[in-house]
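**Q** Residue numbers (this note's numbering): 653 to 697.
Using N, Cα and C, we set each Cβ at its ideal position, and we do this for glycine too.
I'd like to ask some things about the structure below.
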């Protein structure tokens, strides 16, 4: 799920090489989004 979301958001190794802080911010956002989706489907459903 994280990999799919990262691809949709355009998070690539090229971005990581150009701007590591932006890459980290976007990657963290993707992890948080995936966590919310899983929690909603498994815990709150």
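1) What does a CB cutoff of less than 6 Å around residue 675 pick up in its chain, not counting 5 residues either side in sequence?
2) Among 671, 681, 665, which residue has its Cα nearest to the Cα of residue 654?
3) Output the distance between the C-alpha atoms of residue 672 and residue 688, rounded to the nearest integer angstrom.
4) Distance check for residue 696 and residue 656, CA to CA, integer angstroms please.
**A** From the atom records:
1) 667, 668
2) 681
3) 24 Å
4) 23 Å
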